[in-house]
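J.:
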Amino acid sequence: MLTRRSLMGGIAGAGLAAGAHAQGAKELTILAHPVMLSVSKGSRAGDITEAWRQRTGFNVTWVTLETNALHERLFREASLAATTIDIAFLVNARAVPRIAGLFQPLDPWMAKAPIEQYDDIFPGLRKAMVFDGKTMGVPFRHSTSGLHYNAELFAERGISGPPATLEEFIETAQKMTYKRADGSQVNGFCISGDTYPNIVDVARMLNGDFIDAGMKVVANEAPMVKAITLLRDFYKAGVLPRSFTTVKDEDVNTWMASGRAAMTINGLSRTQFYNDPAKSKFPGAFKVAPVPVAAALRGQFEVAPVKTEFWSMVMPKNATKKEVAWSLIAELASKEATTKAAINGNGPIRASAYEDPRIQAQLPYAKVEASALRYARIPLPAFDNSAKAADIFVEQMQAAVLGMKEPQAAMDDVVKRVQPLVV
Amino acid sequence: MSRGSATPWLLVAPTQLLLLGVIGLPSLYVMWLALTQSSYGQAPVWVGLQNYRTVLADPYFWRALWNTLIVVNVVVYGELVLAMGIAVLFAGGVPLRRAMIAVVLAPYAVSEVVAVMVWRYLMEPDIGPITHALEALGLPGLDWSVSPVAALGLVGIINVWMHLPFTFILLYTGLLAIPAELYEAARIDGASPWTEFRRITLPVLMPSILVAVLFRIIFAFRMFSEVWLLTQGGPARSTEVVALYLYLTGFRYGDFGGAAAIGVLMLLGSLLLSVFWLRRAYRGMFAHA
């Protein structure tokens, strides 16, 4: 018969056994955005952790979350006495001085077991992860924007190629807003309306910014105001989806792949998703081009200075398997892993990757990406209150696009409220 | 066992200690945290009532509170009326009663996230099946991605849909417990159905109504997932509710002290909102003491 004593004993024994198993398990946990998982285990170049797993006998557990949820979980985990997260990915805009103390400085590990040709990694990315002279993260991925368009839909409207200037882009977006023969509606342009980076991309066609590199809030200057006005006009004319303010980045993929939108500005590697026969109604029809710049700026830029964002690998200070974690970080940042991840759709963080014949042969957007990278810059400099500043910008942008406020008044409000947050 | 014996105290002590450990101490910690400035990887610094001052001076807090109060009142009382109607209908007898009860209870078995995502898809302004059906009938769609009123309306509909089973089951079981003789006696005395409802059903059902309303006010005041998954507080922060405001303050902006202060204010808010019902419940309990 089951007695209270035997029940309590059983529970205690099971707890001890589970604890012992957890202690002894050869398991490493990575907290990442879903895209990191897909480029690390892609079908084209295979699993980039496989050789490391075989060598060390460790398994890798991927915990994936969307950008905001990922950082919130990471910062909470890293604030505890101990965490089960061994490696995490951190986007540049969230790598701010206030949270640097939560992560392990990597210089001692770097000295002990160096990363292969670390200097080959783009210097801007490496330097952005140095706080108080200490390296807090190793870059893994950049995402640089390009113009994606559905060539099949373009052909239906008699358009033979991508727009070369902002003015042509506006004309094309308007023309591409139409009803197809089967009655389905096509929106000429679609971007996420609940985050700031895509809006910055539109402003970059006019060389505009939200906050410039000198930490000045410039959202109420002409380029950004013109960009917001353009989006408002697009919204009124039905060029942008009716649900623009609730469209998320993942939704944009669906809009494009299902042919409900003709153009978007997004990370260049997304073209692989749009052209995937398993996920797209128009496999092979999606092409990429550099984001066009306003005709008046053609003398200054060949293509728009689009946004480039990058993700780095960090080790929480309270992680327990740092030596093993470092060996995986070094593996993932190696030349071969960088190239293989790029073939799987990653934005390579090494200059040498673009010279690799495998990448040139397999990535249709490598040339476009290389041209965009000549001018690209981050969408927002990192500072402690960047998340709050971004939310204020999104709030005012939405108010302007929906017609609740004039674009100039909305952006004046952004400057007034965000400048005190920037230090 | 003598009256002065310590034995009764020792017997209830484990429960009291458990309550103190899982509710009392964390509550005290939150109250203390509300008096500090604290963030990720930063030791709390005493700031007194500054967090309360900051929150109470923020117009977004008041907008979130206003949205919450409107939604809570509409949802709780609307749901009560609806649940009461369904419960009366069921108690009066419906065909396939067991199957119908299962249908009414089904939303409680669905995960909140799944429920909101399905509703979001059904009501999508461009391709949602319900939007298309309304269009086909010549009716206007619910433009929740643009209009804050429509968005909060949809939040309310989803919330009622998800929690109706809770209120329904409380009222329905209460109705079944009313002795049939009371209704028979009333009918002999010539009472109309409305008088029966007013003089028998409602007074006897009042304890169940009190429990339903109190719990639903507390649940609804914490409403988060419907708004987060549907609009994330947009457009332009116009549909933010207090729980969302707390989440953003604490976890996106890393202001734990401010978030703790909002938590304390939420507790006071739901207490104020339910004080009428609490007083009524208290009087009911001790009316014959």
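As you go down the protein sequences, you meet chains A and B in turn. Sequential numbering of the first sequence, starting at 1, is according to the working numbering. Sequential numbering of the second sequence, starting at 1001, is according to the working numbering. Idealized CB from N, CA, C, for every residue including glycine.
Going straight from the alpha carbon of residue 166 of chain A to that of residue 310 of chain A, what length do you get?
T.: C-alpha separation (whole angstroms): 26 angstroms.
J.: Just to confirm, is the Cβ distance from residue 330 of chain A to residue 87 of chain A under 8 angstroms?
T.: Against a cut-off of 8 angstroms, the Cβ pair of residue 87 of chain A and residue 330 of chain A comes out as no contact.
J.: Go ahead and pull the three-state DSSP assignment for residue 187 of chain A.
T.: Note: residue 187 of chain A maps to strand in three-state DSSP.
J.: Suppose only complete runs of 4+ residues qualify. What are the alpha helix (DSSP H) ranges in the segment 1182-1254 of chain B, listed by chain order?
T.: Qualifying alpha helix (DSSP H) stretches, in chain order: 1193-1196, 1202-1221, 1225-1230, 1242-1247.
J.: For residue 90 of chain A versus residue 135 of chain A, is the C-beta distance shorter than 8 angstroms?
T.: Contact flag unset, no.
J.: Is residue 241 of chain A near residue 1126 of chain B, with beta carbons less than 8 angstroms apart?
T.: Yes, the Cβ-Cβ distance between residue 241 of chain A and residue 1126 of chain B is below 8 angstroms.
J.: Got a sec: is the Cβ-Cβ distance from residue 1016 of chain B to anything in chain A below 8 angstroms?
T.: By this cut-off, residue 1016 of chain B is not an interface position.
J.: Short of 7 angstroms in beta carbon distance, which residues of its chain neighbour residue 266 of chain A, apart from the five on each side in sequence? Order them along the chain.
T.: Hits under 7 angstroms: 145, 148, 252.
J.: At the 8 angstroms Cβ level, is residue 68 of chain A part of the contact set with chain B, yes or no?
T.: By this cut-off, residue 68 of chain A is an interface position.
J.: Can you tell me whether residue 1128 of chain B is buried or exposed, with buried defined as 16 or more other CB within 10 angstroms of its CB?
T.: Looking at its Cβ environment, which holds 16 or more other Cβ atoms inside 10 Å, residue 1128 of chain B is buried.
J.: Note down, in chain order, every chain B residue with its Cβ under 8 angstroms from the Cβ of residue 407 of chain A.
T.: By Cβ distance, chain B contributes nothing, its closest Cβ being about 13 angstroms from residue 407 of chain A, past 8 angstroms.
J.: Taking DSSP as the reference, what is the three-state secondary structure of residue 222 of chain A?
T.: Residue 222 of chain A falls in the helix class under three-state DSSP.
J.: Short of 6 angstroms in beta carbon distance, which residues of its chain neighbour residue 418 of chain A, apart from the five on each side in sequence? Order them along the chain.
T.: Once the five neighbours on either side are set aside, the close Cβ partners of residue 418 of chain A are 217, 389, 392.
J.: Along chain B, in chain order, which residues have C-beta atoms closer than 7 angstroms to that of residue 404 of chain A?
T.: What residue 404 of chain A touches in chain B: 1236.
J.: Have a look at residue 211 of chain A and residue 224 of chain A and give me their C-alpha separation to the nearest angstrom.
T.: Their Cα atoms are separated by approximately 10 angstroms.
J.: Given this structure, state the Cα-to-Cα distance separating residue 1001 of chain B from residue 1014 of chain B, to the nearest angstrom.
T.: Low confidence applies to residue 1001 of chain B: its pLDDT is 49, below 50, so where it sits in the model is not reliable, and the reading given next is rough at best. Computed Cα separation, rounded: 20 angstroms.
J.: Note down, in chain order, each residue of its chain lying with its Cβ closer than 8 angstroms to the Cβ of residue 120 of chain A, except the 5 sequence neighbours on either side.
T.: Taken in chain order, the residues that qualify are 335, 350, 351, 352.
J.: Check whether the segment 1088-1103 of chain B touches the segment 1269-1280 of chain B, taking contact to mean three or more Cβ pairs, one atom from each stretch, closer than 8 angstroms.
T.: No, they do not touch.
J.: Taking a cut of 8 angstroms between CB atoms, which residues from the segment 88-120 of chain A lie near chain B?
T.: Cβ contacts with chain B: 98, 99, 101, 102.
J.: Look up residue 298 of chain A in the DSSP assignment and say whether it is helix, strand or coil.
T.: Three-state DSSP puts residue 298 of chain A in coil, outside helix and strand.
J.: Going by the CB atoms, is the gap between residue 31 of chain A and residue 74 of chain A shorter than 8 angstroms?
T.: Contact: yes.
J.: Flag this pair as yes or no: are the beta carbons of residue 1186 of chain B and residue 1209 of chain B separated by less than 8 angstroms?
T.: For residue 1186 of chain B and residue 1209 of chain B, no; Cβs fall outside 8 angstroms.
J.: Helix, strand or coil for residue 1322 of chain B per DSSP?
T.: Absent from the model: residue 1322 of chain B. The displayed extent of chain B is 1001 to 1289, so no value can be given.
J.: So what does DSSP say about residue 1168 of chain B, is it helix, strand or coil?
T.: DSSP places residue 1168 of chain B in helix when its eight states are reduced to three.
J.: What residues from chain B crowd round residue 399 of chain A, counting only those whose CB sits closer than 8 angstroms?
T.: The contacting residues are 1235, 1236.
J.: Find the residues of chain A that neighbour residue 1125 of chain B, judging by a C-beta separation of less than 7 angstroms, and give them in chain order.
T.: Those within 7 angstroms of residue 1125 of chain B in chain A are 242, 243.
J.: Is residue 313 of chain A helix, strand or coil by DSSP?
T.: Strand at residue 313 of chain A.
J.: Could you give the first and the last residue of the continuous beta strand (DSSP E) run that contains residue 246 of chain A?
T.: Where residue 246 of chain A is concerned, there is no enclosing beta strand (DSSP E), given that its DSSP letter is neither H nor E.
J.: Using a 10 Å radius around the Cβ and a threshold of 16 neighbouring Cβ atoms, would you call residue 1194 of chain B buried or exposed?
T.: The residue in question, residue 1194 of chain B, is exposed, as its Cβ has fewer than 16 Cβ neighbours within 10 Å.
J.: Within this structure, are the beta carbons of residue 1216 of chain B and residue 1249 of chain B separated by less than 8 angstroms?
T.: The answer is no: Cβ separation not under 8 angstroms.
J.: Hey, is residue 388 of chain A's beta-carbon within less than 8 angstroms of any beta-carbon in chain B?
T.: Yes, contact with chain B.
J.: Who are residue 404 of chain A's beta bridge partners in DSSP?
T.: Note: residue 404 of chain A sits in no beta bridge, so no partner.
J.: Taking the alpha carbon of residue 139 of chain A as the reference point, which residue from A:365, A:347, A:49 has its own alpha carbon closest?
T.: Selected option, being the one with the closest Cα: A:347.
J.: Terminal residues of the continuous beta strand (DSSP E) containing residue 265 of chain A?
T.: Run containing residue 265 of chain A: 263-267, per the beta strand (DSSP E) assignment.
J.: Would you mind sorting residue 109 of chain A into buried or exposed? The rule is 16 or more other CB atoms within 10 Å of its CB.
T.: It is buried - the Cβ of residue 109 of chain A has at least 16 other Cβ atoms within 10 Å.
J.: Taking the straight line between their C-alpha atoms, what separation do you get for residue 1147 of chain B and residue 1244 of chain B?
T.: Distance between the alpha carbons of residue 1147 of chain B and residue 1244 of chain B: 18 angstroms.
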